[in-house]
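Below is one structure, written out as structure tokens; comments come after it.
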Amino acid sequence: MNLNESLLFGSVMFDFDVIVKNLPYLLSGVKFTIALAFLVIVLGTLMGVILGLMKLARYRLVRYPAGFVVEITRDTPIIMQMFFIFFGLPALGIRLNTFPAAALAMSLFAAGNTAEIVRGAIDSLPTGQFEAAKSLGMNYLQMMIYVILPQALRRMIPPMMGLFTTLIKDTSLAAIIGAFELTRAGQEVIERTFRSLEIYLVVAAFYFLICYPLSLYTRKIEKRRVTGF
Amino acid sequence: MNHPMIVAKDIYKHFGKVKALDGVSLVVSKGEVVVIIGPSGSGKSTLLRCLNHLERIDRGTIIIDNIPLTDSRTNIHKVREEIGMVFQQFNLFPHLTVLRNITLAQIKVRKRSAEEAERIARDLLAKVGIPEKADNYPFQLSGGQQQRVAIARALAMQPKIMLFDEPTSALDPEMIGEVLEVMKTLAKEGMTMLVVSHEMGFAKEVADRVIFMDEGKIVEEGTPEGLFNRPREERTRLFLSKVLK
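Residue numbers (the numbering used here), protein chains in the order written: chain D, 1 to 229; chain W, 230 to 474.
Here you go:
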């Protein structure tokens, strides 16, 4: 399609061509979205489990710092956290590129939310499980590994899957600080082609294709939980 | 006589403003079966839970088999290996089979081989009368069966003392007997037992001593025959008249 055609029909027709032409570029955006989401989910879950266990510790010195991080990340907008890390931290001499800044901000957000899921799942177990394990002479680690976590894990899966879906969608916020991922790729294509309708539709479709199977799967295991123990 | 298995001296424990234990002293010798009775909130469960340090006492001393619990150098996990506990709610591990429930601590805590642990577990399941349930999950068992598994799980550690915290209170009436039978066998084999229970028949048959507690204190104690038939204290009499009728 040449320039004339698109000027002539651009504002009236749904332009499939612009989609086809820019698909490779959008797909490279998808790659970065998946990379970012993967990084955030892995880092966030790791930090979150540690924070969650810290929040359940007997000692205040362990519990309070974890609580502080969890509350800050849960009770401020994720976009502010991203701004703070990308625009704020340079004032303290810490300069991160857009992608690492987005990854760090979102991982902290994921960690805070994961911590609450972990704490909630462990807290929801009957105290008798802890007492039975202790009364058999198990130490903290043995109790956690063999008795508590296997049971808590089952309760954690549905809310964790929900969190993962949210995180994947929210990686789009990284576009605001200029990190390259799917949304940013879409914006760049639109800046060049002025085809907002087509491009945003495709971008949305990609998010949907990634998240919908996750949602379906979450619902499936939630149903299974009702019938299990 | 060798040393007593349990020595509790002047122990105090409070929850908020409630005095759960208000200066309790108790000595239990090896092989003795002691039944503790008393109204709810009298501190009898708390006493049991303090003895294996599921609750931390505020004041006093507890010595288990010559090891002072209250000494900060004492490894509490080591002491707990020697104290089996059976709970009102069974507290079996729901994600593990019956067999695994009984072998887990043997392997991880007692460091036995899987084969030895399994052999011990199967022997104990036979002893409590449900050898065929080894591969079932707890939720597939009746309450009475679950409680017998819980007893087997505690016994598998070969403890020197067994604590029973209202072991039949959560059971349907027709299942109480099967659990009490197992406990009677244990008592006759010479296990040192401390039992919180209102099963007067059990107390009469196997208890060496019955303790009546009220408001965090030991009000009176004696042989089952003596305490049930000739209580000295008015509070004991009042309580017995309610339970025995």
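Every residue, glycine too, gets a C-beta built ideally from N, C-alpha and C. Keep in mind it's a predicted model, so treat the numbers as computed, not measured.
Under 7 Å by beta carbon: chain D residues contacting residue i
i                : result
GLN375 (chain W) : Neighbours of GLN375 (chain W) on chain D: none; closest Cβ ~12 Å, over 7 Å.
HIS324 (chain W) : PRO150 and GLN151
ALA334 (chain W) : LEU136, GLY137 and MET138
Backbone CA spacing between residue i and residue j [nearest angstrom]
i                : j                : result
ASN231 (chain W) : ILE440 (chain W) : 23 Å
GLN376 (chain W) : THR452 (chain W) : 27 Å
MET1 (chain D)   : ASP17 (chain D)  : Only weak support is given to the placement of MET1 (chain D): the predicted model assigns it a pLDDT of 47, under 50, and the value that follows is read from those uncertain coordinates. Between MET1 (chain D) and ASP17 (chain D), the C-alpha separation is close to 8 Å.
ILE380 (chain W) : CYS211 (chain D) : 48 Å
LEU214 (chain D) : LEU43 (chain D)  : 19 Å
GLU463 (chain W) : GLY128 (chain D) : 35 Å
PRO402 (chain W) : ILE235 (chain W) : 32 Å
ILE240 (chain W) : ILE312 (chain W) : 19 Å
GLY455 (chain W) : GLU261 (chain W) : 17 Å
TYR140 (chain D) : LEU353 (chain W) : 27 Å
GLY93 (chain D)  : ALA205 (chain D) : 39 Å
PRO90 (chain D)  : ILE177 (chain D) : 14 Å
ILE359 (chain W) : GLN374 (chain W) : 7 Å
ILE349 (chain W) : ILE34 (chain D)  : 51 Å
ASN4 (chain D)   : PRO100 (chain D) : For ASN4 (chain D), the predicted structure reports a pLDDT of 49, less than 50, and the residue's modelled location is therefore unreliable. A value from the coordinates is still provided. Whole-angstrom Cα-Cα distance: 41 Å.
MET80 (chain D)  : GLY252 (chain W) : 57 Å
ILE41 (chain D)  : LEU167 (chain D) : 8 Å
ASN113 (chain D) : LEU277 (chain W) : 39 Å
TYR200 (chain D) : LEU26 (chain D)  : 11 Å
LYS134 (chain D) : ARG382 (chain W) : 13 Å
ILE148 (chain D) : GLU345 (chain W) : 25 Å
ASN22 (chain D)  : ARG224 (chain D) : 42 Å
ARG300 (chain W) : GLN142 (chain D) : For the sequence presented, residue 300 (chain W) should be read as Asp rather than Arg. Answer to the nearest angstrom: the Cα atoms are 23 Å apart.
HIS427 (chain W) : ILE78 (chain D)  : 57 Å
ALA334 (chain W) : ALA175 (chain D) : 52 Å
LYS242 (chain W) : ILE447 (chain W) : 14 Å
VAL408 (chain W) : THR218 (chain D) : 42 Å
THR414 (chain W) : ARG63 (chain D)  : 46 Å
LEU39 (chain D)  : MET422 (chain W) : 55 Å
VAL256 (chain W) : VAL49 (chain D)  : 44 Å
ALA57 (chain D)  : VAL20 (chain D)  : 55 Å
Residue i: CB within 7 Å of a non-hydrogen atom of the ligand SAH
i                : result
LEU469 (chain W) : Inclusion of the ligand SAH in the displayed structure is not the case, the ligand content being empty and no account of it being possible.
Counterpart residues of residue i in DSSP-defined beta bridges
i                : result
LYS340 (chain W) : Its beta-bridge partners do not exist; DSSP assigns none.
ARG288 (chain W) : W:TYR241
PHE393 (chain W) : W:VAL315 and W:VAL424
MET442 (chain W) : W:ILE447
LEU255 (chain W) : W:ALA237
Contact list for residue i against chain D, beta-carbon separation under 8 Å
i                : result
VAL338 (chain W) : LEU136, GLY137, MET138 and GLN142
ARG348 (chain W) : By Cβ distance, chain D contributes nothing, its closest Cβ being about 18 Å from ARG348 (chain W), past 8 Å.
ARG283 (chain W) : According to the sequence shown, residue 283 (chain W) is Leu rather than Arg. The contacting residues are GLU131, LYS134 and SER135.
VAL302 (chain W) : According to the sequence provided, residue 302 (chain W) is Arg. The question's Val does not apply to it. Near ARG302 (chain W) there are no residues of chain D at all, since even the closest Cβ is about 16 Å away, more than 8 Å.
HIS232 (chain W) : Chain D residues near HIS232 (chain W): none, gap ~21 Å exceeds 8 Å.
HIS243 (chain W) : Chain D residues near HIS243 (chain W): none, gap ~19 Å exceeds 8 Å.
Cβ-Cβ distance between residue i and residue j below 8 Å
i                : j                : result
LYS246 (chain W) : MET138 (chain D) : no
VAL315 (chain W) : PHE393 (chain W) : yes
GLY445 (chain W) : ALA249 (chain W) : yes
ALA296 (chain D) : LEU51 (chain D)  : In the structure as shown, chain D begins at 1 and stops at 229. Residue 296 (chain D) is therefore absent and cannot be evaluated.
ALA436 (chain W) : VAL263 (chain W) : yes
LEU104 (chain D) : LEU96 (chain D)  : yes
VAL425 (chain W) : ILE265 (chain W) : yes
THR171 (chain D) : LEU36 (chain D)  : yes
MET442 (chain W) : SER271 (chain W) : yes
Neighbour list for residue i in chain D, Cβ cutoff strictly below 9 Å
i                : result
PHE393 (chain W) : Ordered by position in chain D, no residue passes the 9 Å Cβ test against PHE393 (chain W), which lies about 12 Å from the chain.
PHE316 (chain W) : GLY128, GLU131, ALA132 and SER135
VAL341 (chain W) : For the sequence presented, residue 341 (chain W) should be read as Arg rather than Val. Near ARG341 (chain W) there are no residues of chain D at all, since even the closest Cβ is about 13 Å away, more than 9 Å.
MET386 (chain W) : LEU136 and GLY137
GLU310 (chain W) : LEU136 and GLY137
Contacts of residue i in chain W (Cβ-Cβ under 9 Å)
i                : result
TYR146 (chain D) : PHE322, LEU325, LEU333, ALA334 and LYS337
Any chain A beta carbon closer than 8 Å to residue i
i                : result
HIS306 (chain W) : Here the protein chains are D and W, and chain A is not one of them.
Segment contact flag, the stretch 291-300 of chain W with the stretch 110-125 of chain D, C-beta cutoff 8 Å, min 3 pairs
no
Decide yes or no for the touch test of the stretch 103-122 of chain D against the stretch 148-166 of chain D: beta carbon pairs closer than 8 Å, at least 3 of them.
yes
Decide if the stretch 323-331 of chain W is in contact with the stretch 361-370 of chain W; the criterion is three or more beta carbon pairs, one per stretch, under 8 Å apart.
yes
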